[in-house]
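Trainee: First, the structure itself, so that you have it in front of you.
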Amino acid sequence: MNCPVHGNKLKEIKIKLPNPKKYGKYGLVSAFCCYECKKAYVDIKGIEEEKLGKTISGYTVVNINKCRDMPEMIYALNSKSYKSLPTTCKKINQFVKNGKQYNLSIKYDPHKDIYFINENVLFSNLDTIKKLELNIAIKDDEIIDYKNLMPNEIYIMNKIELEELSRTKKIVNIPKVLGKDIKMHHIPLKYDVEKDIYFIENEAYVHYRSVIDKLSVKCSKLKLCELIDMSQYAMLPKKIYVLEDKKLSNLSRKMKLVDIDKFTMNFKGNNVFIWIPMKREQKTGKYYINRKNYDSLRAELKIKCNLKVRLSKKQDVSELSINANESDLLPDEVVVTDKDNCPKCRCNMTVKTHFLNDSKEAVNLRLYYCNKCGGYYIHLIDFNNYKGLYERYIKNITGVTEKDEKVFNEDLYINKTVWNLTYGHGVFVKIQGSTLFVDFGGNLHSFRFPECFKSATVKLSDKSLQDSMMRFINTNDSGTKISHVVKNNNDIVNIKNVKVKNTNTTDVRRIPGLVYQLQLIGSSNNHATKTHPVKDVVVKLAYKSPKSKTFDIVSIPMHYCSRCDKYFDMKQSFLQTLQKYNLDINYFAASFESETGHPIVFKQMDLREFSKLKLFGYSVGANGLSTGARHELLDFILKNHLMTASEIKSQLQFNIRFIGKKAHMDDAVGDWEMDIDYINEYIRTGKIHWKY
């Protein structure tokens, strides 16, 4: 080695360290002696001190492996400049801050008392730099905050949605960033302090795309609904009643009014967000606003959408009608109905005719929209007249059959006499989901539909009705294709039809509308037989096989009990459906429980073959997730009961014991140990409510 002071090449000799009582266990060690500065340099790990004393010959022994305190500022250099640093610069790999040791390879110039870092080391250790909140200098007069380092990934967002995100979260403006070429680039970014992620407006991205591509930064599109809970926003109503403060106060005392202050509306294909206090009457769904807030609403609609708002007198109140040539995005799924009101909530629906397709081209279709539940519908008459037009533009139309099949009409069978060998004659009550309910002299019994008719367990006494029922069932079984949803008077009968849709995301949290907890029932004692309010729904589940890098969305018809707030299905039926579509239940990002609420484990995890943590995107080390991102992911997994705390700790302990023995795994082992501590703290603070 060279002398850190003079730069002379030093001669290696063997010496005994001074102070035998303290350092005698090290015996003879290699030392590099400088005859000019009378110093002997040794490289020994495990000794905290830098100066170890003097030898018999009068040389001061200096330990160059001592952990240094983390500097507050480091100079960033490109690879060429870093290699040309003077030979007197000393390479340091370990630092200490707040009592914790960090591995970071940098060089120290003892003459100038300056630390230098290579561009490759800098950008491969961004998480460590941010964790330590280090300042980076590229010139003597230009110091860069750690937030201004070019990230490895930037998320592209719509300008309006990014502005709304800034209203709800702590977002910092980043006007310029230090790129991997160790040059400053004026790229306007926004930084989420809490989640440690960077955003750019879509228009700005188009302008700076060539620069971003040269810096090899990954860019992904992101929507607001993937970051915040959109259920806190109500759809801006088309009619709002404007009252004076006194009248509004009197109305609040007479009726049950709910305060709502966050609204969204779709305007020319984009979401617009408005924060205006209003009151909503729960029974009728009417919205009320006072005069002052109404004026604010008019001003905001004028600024954001250039909308004309007309206020017309109507009895003792004023009705606000928002008239705008606005176009909604064409929905992917529409239900055909023969009702004038919403089939779900029975509310009045609004006619919409102007839409934009995925290419932002204008499409004119007559659809009905429910402001309360947000669903789109086609009237059966319109569908019969313009079937080809609807099928051309809308991807998924439900509620009708194809070819010459007839719609199932439950009204034909309700209150009709049925016969069962065990219970005798009874009355047809209803079909709810895949369950038939029959009243036998005041006792309600349930049967599996349509199996009960196919096996002749239940028969309709009227031969014509029995023949009609069997024709409907046999048509579905004969291979003639029908929609997976068949219209019913009050409920919906699901014919199991699973859909699998590919996504480009590796993070399950970025897929909206997923269900994470399912109940699989193996007995006749269930929500339907208890006559709970049960609806048939299509549940979206995230699925990721070990051979795939991204998640798939699997849509499966199931049932929902609104009283118990449970999504459920019959266990055997569910497993048969998965087997039919070649889906392994262990690779769903969901947890399963029995009717008693106990977790169901279908397969004991072999930690050598399969890591469920990895399935959810968990990763460690220099190229893995940051500490904050890992802990946020673990929070998500625990809160949604996707894994138990013991399962997570078992996987981490396995990684430390077996994978951690491999070379260059020190950082990964440190991350795994840190995450075990985090899980233990999570348990200690009482955040987990399940008994494992």
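Under the UniProt record's numbering, the first residue of the sequence shown carries the number 1, and numbering increases by one thereafter. Glycine included, each C-beta is placed from N, C-alpha and C at the ideal position. A quick note: this is a predicted structure, and the numbers were derived from the prediction, not measured.
On a CA-only basis, which of 437, 285, 535, 330 is nearest residue 392? Give me that one, please.
Mentor: Considering only alpha carbons, the answer is 330.
Trainee: Can you tell me which residues form a DSSP beta bridge with residue 425?
Mentor: Its beta-bridge partners are 419.
Trainee: Is residue 345 helix, strand or coil by DSSP?
Mentor: Three-state DSSP puts residue 345 in coil, outside helix and strand.
Trainee: Residue 263: which of 251, 229, 158, 684 sits nearest, CA to CA?
Mentor: Out of 251, 229, 158, 684, 229 has the C-alpha closest to the C-alpha of residue 263.
Trainee: Apart from the five residues on each side of it in sequence, which residues of its chain come closer than 7 angstroms, Cβ to Cβ, to residue 204?
Mentor: The answer, listed in chain order, is 188.
Trainee: Closer than 8 angstroms, CB to CB, is residue 180 near chain D or not?
Mentor: Any reference to chain D falls outside this structure, which holds one protein chain only.
Trainee: Please determine, among 682, 667, 597, 668, the residue with the shortest C-alpha to C-alpha distance to residue 636.
Mentor: Closest by alpha carbon: 682.
Trainee: Would you kindly report the start and end of the unbroken alpha helix (DSSP H) that includes residue 296?
Mentor: First-last of the alpha helix (DSSP H) with residue 296: 291-305.
Trainee: Between residue 486 and residue 540, what straight-line distance do the alpha-carbon atoms span, to the nearest angstrom?
Mentor: Bear in mind that a pLDDT of 35 at residue 486, under 50, signals an unreliable position, so the model cannot answer this.
Trainee: Within 10 angstroms of its Cβ, does residue 675 collect 16 or more other Cβ (buried), or is it exposed?
Mentor: When all chains shown are included, residue 675 counts as buried.
Trainee: Specify, as a first and last residue, the run of the beta strand (DSSP E) that residue 191 falls within.
Mentor: Start and end: 189-192.
Trainee: So, helix, strand or coil for residue 270, using DSSP?
Mentor: Three-state result, residue 270: strand.
Trainee: Considering only their Cβ atoms, is the gap separating residue 11 from residue 37 smaller than 8 angstroms?
Mentor: Going by C-beta atoms, residue 37 is not nearer than 8 angstroms to residue 11.
Trainee: Hey, quick one: how far does the beta strand (DSSP E) through residue 510 stretch, first residue to last?
Mentor: Unbroken run through residue 510: none, as it is neither H nor E.
Trainee: Taking 8 angstroms as the threshold, find out whether the stretch 438-455 comes into contact with the stretch 408-427 through three or more Cβ pairs.
Mentor: The stretch 438-455, when compared against the stretch 408-427, does touch it at the 8 angstroms Cβ threshold.
Trainee: If we count the other Cβ atoms within 10 Å of its Cβ and call it buried at 16 or more, is residue 196 buried or exposed?
Mentor: Counting Cβ neighbours within 10 Å, residue 196 comes out buried, since at least 16 surround it.
Trainee: Quick one, are the C-beta atoms of residue 296 and residue 279 less than 8 angstroms apart?
Mentor: Against a cut-off of 8 angstroms, the Cβ pair of residue 279 and residue 296 comes out as no contact.
Trainee: Go ahead and pull the three-state DSSP assignment for residue 19.
Mentor: Here residue 19 sits in coil by DSSP.
Trainee: Note down, in chain order, each residue of its chain lying with its Cβ closer than 8 angstroms to the Cβ of residue 114, except the 5 sequence neighbours on either side.
Mentor: Correct list, in chain order: 75, 108.
Trainee: To the nearest whole angstrom, what separates the beta carbons of residue 374 and residue 507, a pair I think is in contact under 8 angstroms?
Mentor: No, residue 374 and residue 507 are not in contact; Cβ-Cβ is about 25 angstroms, not under 8 angstroms.
Trainee: Is it true that the CB of residue 288 sits closer than 8 angstroms to the CB of residue 233?
Mentor: No. Outside cutoff.
Trainee: Taking only three categories from DSSP, how would you classify residue 87?
Mentor: Here residue 87 sits in coil by DSSP.
Trainee: Hey, out of 600, 529, 379, whose CA is closest to residue 338's CA?
Mentor: Of 600, 529, 379, the residue nearest in Cα terms is 379.
Trainee: Near residue 649, what residues of its chain come up, given a Cβ to Cβ distance below 7 angstroms and the 5 sequence neighbours on each side ignored?
Mentor: Excluding positions up to five away in sequence, the list reads 676, 679.
Trainee: For the stretch 640-655 against the stretch 527-539, are there 3 or more C-beta pairs whose distance is under 8 angstroms?
Mentor: No, they do not touch.
Trainee: Nearest to residue 283 by alpha carbon, out of 291, 302, 345, 501?
Mentor: Residue 345 is the option with its Cα nearest to residue 283.
Trainee: With distances taken between CB atoms, is the gap from residue 553 to residue 585 smaller than 8 angstroms?
Mentor: Not in contact: residue 553 and residue 585 (Cβ atoms no closer than 8 angstroms).
Trainee: Count the other CB atoms within 10 Å of the CB of residue 361; is the residue buried (16 or more) or exposed (fewer)?
Mentor: Classification of residue 361: exposed, given that the 10 Å Cβ count is below 16.
Trainee: Would you check if the stretch 175-187 and the stretch 142-150 touch, i.e. whether three or more CB-CB distances between them fall below 8 angstroms?
Mentor: Yes, the stretch 142-150 touches the stretch 175-187.
Trainee: Let me know the alpha helix (DSSP H) ranges lying completely inside the stretch 108-168, each 4 residues or longer, listed in chain order.
Mentor: For the stretch 108-168, whole alpha helix (DSSP H) runs of length 4 or above, ordered along the chain, are 119-124, 126-132, 159-168.
Trainee: Drop a sphere of 10 angstroms on the beta-carbon of residue 671, count the other beta-carbons inside from all chains shown, and report buried for 16 or more, exposed for fewer.
Mentor: So residue 671 counts as buried.
Trainee: Determine the DSSP secondary structure at residue 448, reduced to helix, strand or coil.
Mentor: In this structure, residue 448 counts as strand in the three-state DSSP scheme.
Trainee: If the criterion is Cβ atoms closer than 8 angstroms, does the pair residue 103 and residue 667 meet it?
Mentor: Taking 8 angstroms as the Cβ cut-off, residue 103 and residue 667 qualify as a contacting pair.
Trainee: Could you tell me if residue 128 is buried or exposed, where buried requires 16 or more neighbouring beta carbons within 10 angstroms of its beta carbon?
Mentor: Answer is buried; the Cβ neighbour count reaches 16.
Trainee: Tell me where the beta strand (DSSP E) around residue 53 begins and ends.
Mentor: Start and end: 51-54.
Trainee: Would you call the CB atoms of residue 594 and residue 518 closer than 8 angstroms?
Mentor: Cβ atoms of residue 594 and residue 518: not closer than 8 angstroms.
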